[in-house]
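Mind the numbering: the sequence shown is residues -12 to 102 in my numbering, read in order. Every residue, glycine too, gets a C-beta built ideally from N, C-alpha and C. Bear in mind that the values here come from a model prediction, so they are computed numbers and not experimental data.
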Amino acid sequence: QVQLVESGGGLVQAGGSLRLSCATSGSIFNFNGMGWYRQAPGKQRELVATVTSAGSLNYADSVKGRFTISRDNAKNTVYLQMNSLKPEDTAVYYCRAGLGYPYYWGQGTQVTVSS
-12 QVQLVESGGG LVQAGGSLRL SCATSGSIFN FNGMGWYRQA PGKQRELVAT
38 VTSAGSLNYA DSVKGRFTIS RDNAKNTVYL QMNSLKPEDT AVYYCRAGLG
88 YPYYWGQGTQ VTVSS
């Protein structure tokens, strides 16, 4: 059973920063990639950023230049550095292991940005 444990969410003022972490129960190289997604109240879950096993990065247009996805292979952990946060970034952020099938979700971590 794959387990993903997210941490780092919280309440921050607009313009502030947070770093989310996602630790996997096994090697991240077991998956073809890792990603961060988010879901705001009343909205569908959307892609935020992904990193493939080859190191290719992909970002949603809304976060380009503000968010950075990275991984620490030795710690089997993926990070999402979020800078210049905006109120519209408020959502539950989910880590995903596997960009195809099969894939696994973490439990989510709440990020709230106040104006």
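Buried versus exposed, by CB contacts within 10 Å (16 or more), residue i
{"i": "F54", "result": "buried"}
{"i": "L(-2)", "result": "exposed"}
{"i": "Y24", "result": "buried"}
{"i": "A84", "result": "buried"}
{"i": "G2", "result": "exposed"}
{"i": "D59", "result": "exposed"}
{"i": "L44", "result": "exposed"}
{"i": "Y88", "result": "exposed"}
{"i": "G42", "result": "exposed"}
Nonlocal neighbours in the same chain, by C-beta distance under 6 Å from residue i, ignoring five residues either side
{"i": "S(-6)", "result": "S8"}
{"i": "A10", "result": "V(-8) and T64"}
{"i": "Q26", "result": "R32, A78 and V79"}
{"i": "S102", "result": "A1 and P74"}
{"i": "F18", "result": "A84 and G85"}
For residue i, the three-state DSSP class (helix, strand or coil)
{"i": "F18", "result": "coil"}
{"i": "N103", "result": "As shown, the chain starts at -12 and ends at 102. That puts residue 103 outside it, with no answer to give."}
{"i": "V(-11)", "result": "coil"}
{"i": "A27", "result": "coil"}
{"i": "A1", "result": "coil"}
Residues that residue i bridges to, as DSSP identifies them
{"i": "N45", "result": "T37"}
{"i": "V50", "result": "Per DSSP, none; premise fails for V50."}
{"i": "D59", "result": "T64"}
CB contact below 7 Å: residue i versus chain C
{"i": "L72", "result": "Judged by its chain identifiers, the structure shown contains no chain C, having just a single protein chain."}
Same chain, Cβ closer than 7 Å to residue i, neighbours up to 5 away in sequence not counted
{"i": "E75", "result": "none"}
{"i": "S71", "result": "G2 and R53"}
For the segment 49 to 63 against the segment 26 to 38, are there 3 or more C-beta pairs whose distance is under 8 Å? yes
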